[in-house]
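All residue numbers for the sequence shown refer to the numbering used here, where the first residue is 1191 and numbers rise by one. Accompanying notes for the structure given below.
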Amino acid sequence: MALEFFAAGTTVTSKADGSPVTPADSAVERSIVDELTAARADDAVIGEELGVHGDSDRMWNVDPIDGTSFFIRRRTQWRVQVALTVAGRVEVAVVTAPAMGLQWWTERGAGAFEAAWPGRNDVTRLAVSTNASLADAVLDAVWANLDRLHAAG
């Protein structure tokens, strides 16, 4: 759904804090909230645009279009983010960059991963650098693996 809005272009208004918001933000959040409440009726959901639904120690946190400024400028770096907190502690998180064809996810104690999206082909386990010095560190971010991930997808 977010990709459809992105491809078509969309209107932009401002929230009370001055940050941009589009009809895609509300529509994507509504869709995610509906899916989560149908699948996990006892869980609560909090979304950036539509607020809190339900009351539970299990809280789904939704940011339907993170990077709205990228989205409205038709740049691919926007993301859809969903995380589950249990008693205030993040247990699962998923970040999908549909326009880039990438996804990252983690589960407490299981590590973090990236893959082409959709389909999660060619999954790569992510790791934290062991370098103690910033001068010796190398940042291996999305762009380092983008060609490999798109070829696999």
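Just so you know, even glycine gets a beta-carbon here, dropped at the ideal spot from N, CA and C. All figures in this text were calculated on a predicted structure; none of them were measured in a lab.
First and last residue of the uninterrupted beta strand (DSSP E) at residue i
i     : result
L1292 : L1292 to E1297
E1238 : E1238 -> no beta strand (DSSP E), and no H or E assigned at all.
A1302 : G1301 to A1306
Whole-number beta carbon distance between residue j and residue i, since they are thought to touch under 8 Å
i     : j     : result
G1301 : R1315 : 6 Å
P1254 : V1218 : 4 Å
S1204 : P1210 : 6 Å
T1258 : D1215 : 6 Å
Boundaries of the alpha helix (DSSP H) in which residue i is found, first to last residue
i     : result
V1313 : Element bounds for V1313: n/a, residue is neither H nor E.
A1289 : No alpha helix (DSSP H) contains A1289, which DSSP labels as neither H nor E.
L1324 : Element bounds for L1324: n/a, residue is neither H nor E.
A1192 : A1192 to A1198
Option nearest residue i by Cα separation, candidates the options
i     : options                       : result
T1275 : E1219, V1252, G1257 and T1286 : V1252
E1194 : R1279, F1261 and G1237        : F1261
E1239 : D1233, A1206, L1226 and S1246 : A1206
D1245 : A1231, T1258 and M1191        : A1231
E1281 : D1326, T1296, G1291 and P1288 : T1296
R1269 : R1263, R1248, L1292 and R1279 : L1292
A1317 : T1286, E1304 and A1198        : E1304
Counterpart residues of residue i in DSSP-defined beta bridges
i     : result
V1223 : None, per the DSSP bridge assignment.
V1211 : T1203
V1280 : T1275
A1234 : M1249
V1242 : I1236
Heavy atom of the ligand FMN within 8 Å of residue i beta-carbon
i     : result
V1242 : Ligands displayed in this structure: none; no statement on the ligand FMN is therefore possible.
Item to check | Those runs of the alpha helix (DSSP H) which lie wholly inside the region 1244 to 1278 and span at least 4 residues | outcome: 1258 to 1262
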